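*Asks:*
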Amino acid sequence: MHNLRSVDLNLLVVLDALLAERHLSRAAERLNMSQPAVSHALARLRILLDDPLFHRRRREMEPTLRALELSEPLAEALAQIRTVLAPEGFDPTARHVFRLAMSDFGAALVLPGLMASLRRDAPGIDLVVTQQSRESMIGAVADGQIDMAFGVFPELSSRCAADILFEDEYACLLDPSAQPQPYRGLTESRYLSAPHVLVAVHGEAATEIDLHLRSHRKARRIALVLPHWSVAPQVIRGTDLILTVARRCLSEVAPGLEVTATPVDLPTIPFAAIYAKRRRSDPALRWLMDRTKQLLPPQGRSFPI
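Per the UniProt record's numbering, numbering through the sequence shown is continuous, rising by one, with the last residue being 305.
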């Protein structure tokens with residue numbers, strides 16, 4: 001047991017940055033310290049905690065079990081300390097970088113309004129946005145590699161929490177002139193027999209739609225898997241393909257294409273922002289979450305995509 005008065009608490013700030021960045025030079029940049037200074041602090045931490053804390057794996061530093069055990073309580077404690085020392089909360093006029101992850105659909109929903117707001121009210125704040133698979137986003141949030149992710153997350157790591165930003169419903173996009181004739185509207189039998197387009201970052205096929213259909217002993221045929229949302233509506237024209245997505249994606253469609261309700265009952269779509277539970281009290285994340293919520297259109301209105 002260490003006497004708290006004998007411990008340099010700045011070392012804990014360094015450990016928190018190393019756990020978040022998993023990289024010595026990135027942690028140094030985050031802390032505005034030199035790389036040798038961070039390396040020296042890590043050496044002192046290893047003696048203090050009697051554990052190597054990190055092992056080098058290729059280009060990253062892999063935390064030991066002891067370091068992972070410390071990660072959540074350490075981040076939570078530092079967030080509480082920052083709240084005490086900065087009672088006014090996060091200062092949006094200061095320089096700050098948020099690392100976010102989202103699909104191109106999520107980016108279309110969130111980024112235009114958010115960036116306009118930041119450039120107007122908080123020009124010192126920068127965003128670094130990446131696109132990853134759903135599982136990768138959850139893992140990166142839990143490990144502290146990104147601050148927040150936006151999307152649909154039916155299952156979460158126990159280390160993550162979610163704020164639902166809005167709920168949407170599924171709708172279908174199709175070209176009625178290319179459907180088997182006579183076409184008098186999309187029926188359940190036609191929906192299940194039709195070829196479908198699926199948008200998935202890394203080709204994942206187990207979507208909420210297909211899992212729901214499977215639970216009711218139904219299935220659809222995926223004829224095309226795309227990694228990007230932006231091209232999906234374009235491949236519908238002149239084909240018998242059907243695209244099933246959130247209705248808000250389809251606020252503006254090309255002439256000749258039809259947006260219609262799904263002929264099968266599907267669950268609603270909860271669009272959420274997720275973050276690490278240990279950062280629940282982080283003033284910066286709370287500020288970003290509040291600002292994002294303020295910018296979302298009221299329920300029932302479409303996003304101008």
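Every residue, glycine too, gets a C-beta built ideally from N, C-alpha and C. Predicted, not measured: the structure shown is a model, and the values here were computed from it.
Can you give me the Cβ contacts of I305 inside the same chain, cut-off strictly under 7 Å, excluding the 5 residues immediately before and after it?
*Replies:* Since pLDDT at I305 reaches only 32, below the 50 mark, its modelled position is unreliable, and no value is offered.
*Asks:* Taking 9 Å as the cut-off, decide whether the C-beta atoms of D163 and Y275 are in contact.
*Replies:* It is a contact, given that the beta carbons lie within the stated cut-off.
*Asks:* Please check the pair T260 and A122, which I expect to be a contact at CB under 8 Å, by giving their CB distance rounded to whole angstroms.
*Replies:* At roughly 41 Å, the Cβ-Cβ gap does not stay under 8 Å, so T260 and A122 are not in contact.
*Asks:* Name the one or two DSSP bridge partners that H55 has.
*Replies:* Looking at the DSSP assignment, H55 forms a beta bridge with E62.
*Asks:* Using the Cα positions of E135 and F150, report the straight-line distance between them to the nearest angstrom.
*Replies:* Between E135 and F150, the C-alpha separation is close to 12 Å.
*Asks:* Taking P227 as the reference, give the member of P154, Q131, V97, R220 with the closest Cα.
*Replies:* Taking only the C-alpha atoms, the option nearest P227 is Q131.
*Asks:* Once DSSP output is grouped into helix, strand and coil, what is the label at F105?
*Replies:* Correct three-state label for F105: helix.
*Asks:* Hey, how far is the Cα of E62 from the Cα of R279?
*Replies:* Roughly 21 Å between the two C-alpha positions.
*Asks:* Measuring alpha carbon to alpha carbon, tell me which of H40, A43, L15, R44 ends up nearest R30.
*Replies:* Nearest of H40, A43, L15, R44 to R30, Cα basis: L15.
*Asks:* Pop quiz: K277 and E72 are said to be a contact at Cβ under 8 Å. What is the actual Cβ separation, rounded to whole angstroms?
*Replies:* Contact holds; Cβ gap of about 7 Å.
*Asks:* Where do the ends of the beta strand (DSSP E) carrying P195 lie?
*Replies:* 195 to 199 is the span of the beta strand (DSSP E), which, as asked, contains P195.
*Asks:* Mind the definition here: the segment 210 to 218 touches the segment 279 to 293 only if three or more C-beta pairs lie below 8 Å; say whether that holds.
*Replies:* They do not touch, by the three-pair rule.
*Asks:* Am I right that residue 314 and T292 are in contact with their C-beta atoms under 8 Å? What's the rounded C-beta distance?
*Replies:* For residue 314 there is no data in the structure shown, the boundaries of the chain being 1 and 305.
*Asks:* Pull up the CB-CB distance for V235 and V197, whole angstroms please, since I reckon it's below 8 Å.
*Replies:* Indeed they touch by this definition, with Cβ atoms about 6 Å apart.
*Asks:* Counting only the same chain and skipping the five closest in sequence on each side, list residues whose C-beta sits under 7 Å from that of P270.
*Replies:* V152, I164, E167.
*Asks:* Between Q35 and L24, which are expected to be in contact by the criterion C-beta below 8 Å, what is the C-beta distance as a whole number of angstroms?
*Replies:* The Cβ separation is near 6 Å, so the contact holds.
*Asks:* When the distance is taken between beta carbons, is L49 closer than 9 Å to L174?
*Replies:* No, these two residues do not count as a Cβ contact at 9 Å.
*Asks:* Going by DSSP, what residue range makes up the alpha helix (DSSP H) through R30?
*Replies:* Run containing R30: 24 to 31, per the alpha helix (DSSP H) assignment.
*Asks:* Can you say whether V264 is buried or exposed, counting buried as having 16 or more other CB atoms within 10 angstroms of its CB?
*Replies:* Classification of V264: buried, given that the 10 Å Cβ count is 16 or more.
*Asks:* Assuming T292 is part of the alpha helix (DSSP H), what are its boundary residues?
*Replies:* Unbroken alpha helix (DSSP H) run through T292: 283 to 295.
*Asks:* Check for me: the beta strand (DSSP E) holding R217 runs from which residue to which?
*Replies:* Per DSSP, R217 belongs to no beta strand (DSSP E) and is neither H nor E.
*Asks:* When burial is assigned at 16 or more other CB atoms within 10 Å of the CB, is Q294 buried or exposed?
*Replies:* By the neighbour-count rule (16 or more Cβ atoms within 10 Å), Q294 is not buried but exposed.
*Asks:* By alpha-carbon positions, which one of S133, I138, D143, H40 ends up nearest to E60?
*Replies:* Measuring from the Cα of E60, the nearest candidate turns out to be D143.
*Asks:* Quick one: what's got a C-beta closer than 7 Å to Y183's C-beta in the same chain, skipping five residues either side?
*Replies:* Result list for Y183: P176, in chain order.
*Asks:* Would you give the residue range spanned by the alpha helix (DSSP H) that L42 belongs to?
*Replies:* From DSSP, the alpha helix (DSSP H) with L42 extends over 35 to 49.
*Asks:* DSSP three-state label for H96, please.
*Replies:* Here H96 sits in strand by DSSP.
*Asks:* Compute the Euclidean distance between the alpha carbons of S103 and S189, then round it to the nearest angstrom.
*Replies:* Near 31 Å, if we compare the C-alpha coordinates of S189 and S103.
*Asks:* On the CB-based measure, 16 or more other CB atoms within 10 Å of its CB, does V38 come out buried or exposed?
*Replies:* By the 10 Å Cβ count, V38 comes out buried.
*Asks:* What separation, rounded to the nearest whole angstrom, lies between the Cα atoms of Q181 and G238?
*Replies:* Each residue's Cα considered, the two are about 14 Å apart.
*Asks:* Is the separation between the beta-carbon of L68 and that of L42 shorter than 9 Å?
*Replies:* No, these two residues do not count as a Cβ contact at 9 Å.
*Asks:* Given a cut-off of 9 Å on the beta-carbon distance, is the pair F90 and P283 in contact?
*Replies:* Yes. Within cutoff.
*Asks:* I'd like to know if R286 contacts chain C, where contact means its C-beta is closer than 9 Å to some C-beta of that chain.
*Replies:* Absence of chain C from the displayed structure is noted, only one protein chain being present.
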